[in-house]
Every structure is written in C-alpha cells, then in structure tokens.
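Q: Can you keep this structure in mind? I'll have questions shortly.
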Amino acid sequence: MSDDRLARARAAAASVEDPELPGLTIAELGLLRRVEERDGAIAVTLTPSYTGCPAMAVIGWEITAAIERAGLGPVTVRTELAPAWGTAAISEAGRAKLRAMGIVPPGERACPRCGSARVETLAEFGATACKALWRCLECREPFEAFKTL
Amino acid sequence: MLADDALVLGHRLSEWCGFAPSPEEDLALANLALDQLGLARALFAAAGLDEDRYAYFRDAREFRNCLLVEQPNGDFAHSIVRQLLYSAWALPFWTAAAGAADPALTAVAGKAEKEAAYHLRHAREWLVRLGDGTAESHARAQAALEQLWPFAAELLDPPADPALPDPAPLRAAWEATVSATLARATLARPAACWPRAGGREGRHSEAFGKMLAEMQSLARAHPGAVW
Numbered sequence: 009m010s011d012d013r014l015a016r017a018r019a020a021a022a023s024v025e026d027p028e029l030p031g032l033t034i035a036e037l038g039l040l041r042r043v044e045e046r047d048g049a050i051a052v053t054l055t056p057s058y059t060g061c062p063a064m065a066v067i068g069w070e071i072t073a074a075i076e077r078a079g080l081g082p083v084t085v086r087t088e089l090a091p092a093w094g095t096a097a098i099s100e101a102g103r104a105k106l107r108a109m110g111i112v113p114p115g116e117r118a119c120p121r122c123g124s125a126r127v128e129t130l131a132e133f134g135a136t137a138c139k140a141l142w143r144c145l146e147c148r149e150p151f152e153a154f155k156t157l
Numbered sequence: 269m270l271a272d273d274a275l276v277l278g279h280r281l282s283e284w285c286g287f288a289p290s291p292e293e294d295l296a297l298a299n300l301a302l303d304q305l306g307l308a309r310a311l312f313a314a315a316g317l318d319e320d321r322y323a324y325f326r327d328a329r330e331f332r333n334c335l336l337v338e339q340p341n342g343d344f345a346h347s348i349v350r351q352l353l354y355s356a357w358a359l360p361f362w363t364a365a366a367g368a369a370d371p372a373l374t375a376v377a378g379k380a381e382k383e384a385a386y387h388l389r390h391a392r393e394w395l396v397r398l399g400d401g402t403a404e405s406h407a408r409a410q411a412a413l414e415q416l417w418p419f420a421a422e423l424l425d426p427p428a429d430p431a432l433p434d435p436a437p438l439r440a441a442w443e444a445t446v447s448a449t450l451a452r453a454t455l456a457r458p459a460a461c462w463p464r465a466g467g468r469e470g471r472h473s474e475a476f477g478k479m480l481a482e483m484q485s486l487a488r489a490h491p492g493a494v495w
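In order, the protein sequence lines correspond to chains A and B.
Position 67 of the first sequence, counting from 1, maps to 75 under this note's numbering, and the rest follow consecutively.
Position 129 of the second sequence, counting from 1, maps to 397 under this note's numbering, and the rest follow consecutively.
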C-alpha cells in the first residue's frame with residue numbers, strides 16, 4: 009500500500025511541467041531530486057535551476073496540488089542547492105522535447121529550423137534565465153537556445 | 269554581509285528594468301538582478317534568518333553591505349564598472365567558498381560560482397566595448413572608473429572571518445582580472461587613492477537611504493502583504 013502510494017506520488021510529482029517551459033516536466037529537466045515518504049507525508053525535494061528562478065514557488069505549489077489531487081497527501085516540498093544543478097541534468101527525453109519546441113538544447117549549435125551550424129549569438133540573456141537568443145545566418149531566423157550551465 | 273551585498277546590488281540592478289539601453293540589455297540586467305536576489309535569499313535561508321524582516325525592516329545602519337554595491341546606477345558605464353569591480357571579486361570568492369568547511373555556505377557557493385562566471389563575462393565584454401568604443405563611451409567609462417575605484421578596497425579587505433575564504437588570493441585574482449580587462453578596454457588604471465569604507469560597520473552613503481526607502485516602502489506600508 010505504502011509502496012504504491014509512493015510510486016503514484018512520484019509519478020504525480022514527475023509529471024509537473026515547468027511553467028516557463030510548458031511541455032517539459034521537472035523530472036526531464038532534472039529539477040526533481042527525490043520523492044520520499046516521511047512521517048506520513050510525501051516529502052518532495054527540488055533543486056532550482058538558477059538561484060533566483062521565479063518559477064520555483066509555482067513548481068512547489070503545482071507538485072503539492074498534483075499529489076493532493078491524486079489523494080496521496082499531505083505533502084511537504086523543500087529545495088536543496090547541493091549538488092548544484094547544471095544543464096547536464098536534463099534527460100535525453102527533455103533534450104528531444106526542447107529540440108521539438110525549437111529551443112536548442114545546451115551544448116548544441118544548430119538552427120532548429122534549417123539545421124545549419126552557421127549561427128550567431130544575438131543576446132546572451134534571453135526571455136528566461138535559462139535561455140539565450142541566437143540567430144541562424146543561413147535562414148536568418150532568430151531562435152532560442154538553452155544556456156549551458 | 270554577503271547577503272546584504274547580494275541584496276543591495278540586486279536591487280540596484282533591478283532599477284534598470286525598463287530603462288536599459290536596449291531590450292537585450294534590459295533582460296540581461298534583470299537576469300543579473302534576479303540572480304543576486306536569489307543569492308541573497310539563499311544566504312539568508314542558510315543563516316536561518318527571516319528574509320523579509322532582514323530585507324524590509326532594517327534601517328540603513330543595520331545593513332552590512334560594502335559601499336560599492338549601493339552606489340547609484342549613474343549612466344550605463346557606471347553600472348558596468350560597478351559590476352566588473354564586484355564580479356572580479358565574486359567569482360574567485362564563490363569558487364573558494366565552494367570548498368569551505370560550512371556545508372550551508374558550500375551549497376550556496378556551488379550555485380553562486382556558476383552565476384558569477386557569466387556575470388563577470390557580461391561586465392567584462394561591456395567594459396571592453398565601452399572603453400575601446402567611441403570617444404564618448406571611453407570618456408564615460410573612464411569617469412565611472414575614477415569615481416568607483418576608491419570603493420573597491422572595502423570589498424577586497426573584508427572583516428576577518430575564519431569561516432570565509434582567505435582574502436589574499438582573492439585580491440590577487442581580482443587584480444589580475446581587472447588589470448587585464450582595463451588593458452583590453454584601453455582604460456587607464458586610476459591613481460592610488462584614499463579608500464572609501466564604512467558599509468561593513470553600517471555607515472552608508474546618502475544615496476543608500478533613498479534606495480532603501482523605495483525598496484522597503486511597500487513592505488512597510490502593508491506589513492505581511494503577500495501576492
């Protein structure tokens with residue numbers, strides 16, 4: 009029974025999407041560290057992508073809501089900083105989804121539309137803390153790239 | 269001290285939001301501000317302190333930030349010089365602190381180090397662009413450097429604290445980064461001058477009171493407000 013509760017709580021937490029990257033789950037981004045059962049509650053541990061990431065509070069609320077909706081509460085959510093998150097924590101599935109959304113995954117350098125490697129950085133700081141703005145020199149389309157951290 | 273540096277610099281950077289020279293730079297400075305505020309929050313949390321009380325309900329004399337970070341934004345060159353002088357210290361500081369004995373500080377340092385690296389890169393690239401740019405941008409960058417230089421000593425010479433990294437190698441790293449950047453930016457190193465200090469003891473500049481008044485006005489008018 010307890011194992012089942014934990015497994016279902018894990019699945020509920022893992023399915024929560026990042027509000028700034030809708031479509032990508034916190035598990036795929038490597039932000040979900042652990043889901044445990046402690047003192048009768050589901051204890052979720054998260055790590056922030058950037059220290060000032062404004063989405064962390066929302067992610068915490070959504071995890072709580074997802075687990076409570078499944079009737080598995082109560083829930084506690086805490087964040088831990090160490091080891092520091094890096095873009096290497098993004099899963100292969102997460103990288104594939106980024107690519108499909110037209111956002112170049114960290115460490116890659118190819119236009120998501122025409123595939124050309126002739127690209128340039130337009131702005132190192134993009135619309136969210138985790139993205140930069142690039143442009144393809146072949147098809148001239150600007151696009152977003154996930155920053156490597 | 270560290271949390272106050274991060275908080276105050278973060279607030280100063282946030283004042284650029286909506287006023288930066290270009291939309292890209294507006295995003296960059298807001299991003300830096302967010303990182304600094306996040307760092308301040310993490311440091312308050314690591315020390316077990318109530319972030320809202322510490323940010324919004326202390327008076328100027330109770331803040332321990334260095335004078336450099338509270339200096340008004342001035343023109344864009346001023347803000348970039350301030351950022352360079354700070355980041356050239358912050359990167360080696362957080363790298364060293366990542367190996368500190370206190371696990372709470374180490375955890376924060378691991379993240380701060382990664383962010384400090386691109387803060388420094390941003391400031392360095394801009395200072396080279398301004399210094400080695402037009403006569404106007406060069407003159408403004410040089411003027412900003414002359415004005416902010418006396419404030420660097422306080423950052424580089426913090427009160428002795430065995431829990432924090434040894435400041436001597438940090439000073440050497442700062443010196444190397446700043447010298448190399450000034451050379452690339454074709455800016456002249458200001459003459460040695462009387463250092464301006466006092467922030468670590470709570471003696472702040474006039475502009476700091478005005479900054480705090482704005483930063484704290486909402487929280488003080490509506491204590492406990494949430495949104």
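Each residue gets a CB set at the ideal place from its N, CA and C atoms; glycine is no exception.
These numbers were taken from a predicted model, which means no experiment stands behind them.
(1) Please report the residue range of the beta strand (DSSP E) in which E45 of chain A lies.
(2) Can you give the Cα-Cα distance for P19 of chain A and G477 of chain B, rounded to whole angstroms?
(3) How about E338 of chain B and M479 of chain B: do their beta carbons lie closer than 8 angstroms?
(4) Rounded to whole angstroms, what's the CA-CA distance from A485 of chain B to H279 of chain B? Just pull it up for me.
(5) Rounded to whole angstroms, what is the Cα-Cα separation between M9 of chain A and A489 of chain B?
(6) Enumerate in chain order the residues of its own chain whose CB-to-CB distance from E128 of chain A is below 8 angstroms, with the five nearest sequence positions on each side excluded.
(7) What is the rounded straight-line gap between the Cα of A465 of chain B and the Cα of D11 of chain A?
(8) Let me see if you follow: with CB-CB separation under 8 angstroms, is H390 of chain B close to chain A or not?
(9) To the nearest angstrom, report how far apart V66 of chain A and E149 of chain A are at their CA atoms.
(10) Is A444 of chain B helix, strand or coil when you go by DSSP?
(11) Please check if any C-beta of chain A sits within less than 8 angstroms of the C-beta of V446 of chain B.
(12) Is Y150 of chain A helix, strand or coil by DSSP?
(13) Can a CB atom of chain B be found closer than 8 angstroms to the CB of A137 of chain A?
(14) Tell me whether D318 of chain B is buried or exposed, calling it buried when 16 or more other Cβ atoms sit within 10 Å of its Cβ.
(15) Only counting runs of 4 or more residues, tell me where the alpha helix (DSSP H) segments fall wholly within the region 396 to 460 of chain B, in order along the chain.
(16) Look at W357 of chain B and L423 of chain B and say whether their C-beta atoms are less than 8 angstroms apart.
(17) Looking at the unbroken beta strand (DSSP E) that takes in V85 of chain A, where does it start and where does it end?
(18) Give, in chain order, every unbroken run of the alpha helix (DSSP H) that is at least 4 residues long and sits entirely within the region 292 to 324 of chain B.
(19) Given a threshold of 16 other Cβ atoms within 10 Å of its Cβ, counted over all protein chains shown, does T59 of chain A qualify as buried or as exposed?
(20) Rounding to the nearest angstrom, what Cα-Cα distance links W442 of chain B and C285 of chain B in this structure?
(21) Express the C-alpha separation of L29 of chain A and G492 of chain B in angstroms, rounding to a whole number.
(22) So, at 8 angstroms on beta carbons, what are the nonlocal neighbours of R121 of chain A in its own chain, with the 5 sequence-adjacent residues on each side left out?
(23) If contact is defined by three or more beta carbon pairs under 8 angstroms, each pair taking one atom from either stretch, is the region 448 to 459 of chain B in contact with the region 429 to 440 of chain B?
(24) Can you say whether P427 of chain B is buried or exposed, counting buried as having 16 or more other CB atoms within 10 angstroms of its CB?
(25) Can you check DSSP and say which residues form a bridge with L158 of chain A?
(26) Check the C-beta distance from L54 of chain A over to T87 of chain A and give it rounded, since I have them as a contact under 8 angstroms.
(27) Against E292 of chain B, what residues of chain A qualify as contacts under a CB-to-CB distance less than 8 angstroms, listed in chain order?
(28) Quick one: residues in its chain with C-beta nearer than 7 angstroms to the C-beta of A456 of chain B, no 5 flanking neighbours on either side, listed in chain order?
(29) Would you tell me roughly how many angstroms separate the C-alpha atoms of A118 of chain A and K155 of chain A, rounded to the nearest one?
(30) Just checking: is the beta-carbon of P150 of chain A within a distance shorter than 8 angstroms of some beta-carbon in chain B?
(31) In chain order, what residues of the same chain have a beta carbon less than 7 angstroms from the beta carbon of P458 of chain B, not counting five sequence neighbours either side?
(32) Can you tell me whether P289 of chain B is buried or exposed? The criterion is at least 16 other CB atoms within 10 Å of its CB, across all chains shown.
(33) When DSSP builds the beta bridges, which residues end up paired with A49 of chain A?
(34) Any beta carbon from chain B within less than 8 angstroms of A92 of chain A's own beta carbon?
(35) Tell me L6 of chain A's beta-bridge partners as DSSP assigns them.
A: In brief:
(1) In the DSSP annotation of this structure, the continuous segment of the beta strand (DSSP E) that includes E45 of chain A starts and ends at 40 to 46.
(2) Residue identity differs from the one stated: residue 19 of chain A is Ala in this sequence, not Pro. Roughly 50 angstroms between the two C-alpha positions.
(3) A contact, by the Cβ cut-off of 8 angstroms.
(4) Residue identity check: residue 485 of chain B is Ser in the sequence provided, not Ala. Between the alpha carbons of S485 of chain B and H279 of chain B lies a gap of roughly 13 angstroms.
(5) Unreliable placement is indicated for M9 of chain A, whose pLDDT of 49 sits below 50; the coordinate value is still reported in the next sentence. Between M9 of chain A and A489 of chain B, the alpha-carbon positions lie close to 51 angstroms from each other.
(6) The answer, listed in chain order, is W142, R143, L145.
(7) A straight line joining the alpha-carbon of A465 of chain B with that of D11 of chain A spans about 59 angstroms.
(8) Chain A, which has a Cβ nearer than 8 angstroms to the Cβ of H390 of chain B, makes this yes.
(9) Distance between the alpha carbons of V66 of chain A and E149 of chain A: 32 angstroms.
(10) A444 of chain B: helix per DSSP, three-state reduction.
(11) Chain A contact via Cβ: absent.
(12) The sequence shown places Pro at residue 150 of chain A, not Tyr. The DSSP-derived three-state label of P150 of chain A is strand.
(13) By this cut-off, A137 of chain A is an interface position.
(14) So D318 of chain B counts as exposed.
(15) Runs found: 403 to 416, 420 to 424, 435 to 452.
(16) Going by beta carbons, W357 of chain B and L423 of chain B fall inside the 8 angstroms limit.
(17) First-last of the beta strand (DSSP E) with V85 of chain A: 83 to 87.
(18) Taking only runs of at least 4 residues, the alpha helix (DSSP H) segments lying wholly in the region 292 to 324 of chain B are 319 to 324.
(19) T59 of chain A is classed as buried because its beta carbon has at least 16 other beta carbons within 10 Å across all chains shown.
(20) Each residue's alpha carbon lies about 28 angstroms from the other.
(21) About 31 angstroms.
(22) Within the same chain, R121 of chain A has close Cβ partners G110, C144, C147, E149, F151.
(23) Contact fails: fewer than three Cβ-Cβ distances are below 8 angstroms.
(24) Classification for P427 of chain B: exposed.
(25) For chain A, the structure presents residues 9 to 157; residue 158 of chain A sits outside this window and is missing.
(26) L54 of chain A to T87 of chain A, Cβ: 5 angstroms. Contact.
(27) Under a criterion of Cβ atoms nearer than 8 angstroms, the residues of chain A adjacent to E292 of chain B are, in order, L130, A131, F133, L141.
(28) Once the five neighbours on either side are set aside, the close Cβ partners of A456 of chain B are Q410.
(29) Straight-line spacing of the CA atoms in A118 of chain A and K155 of chain A works out to 14 angstroms.
(30) Judged by the 8 angstroms Cβ criterion, P150 of chain A is not in contact with chain B.
(31) L413, E414, W417.
(32) Exposed, by the Cβ-count rule.
(33) Secondary-structure assignment with DSSP links A49 of chain A through a beta bridge to A:R46.
(34) Judged by the 8 angstroms Cβ criterion, A92 of chain A is in contact with chain B.
(35) Here chain A has residues from 9 to 157 only, and residue 6 of chain A is not among them.
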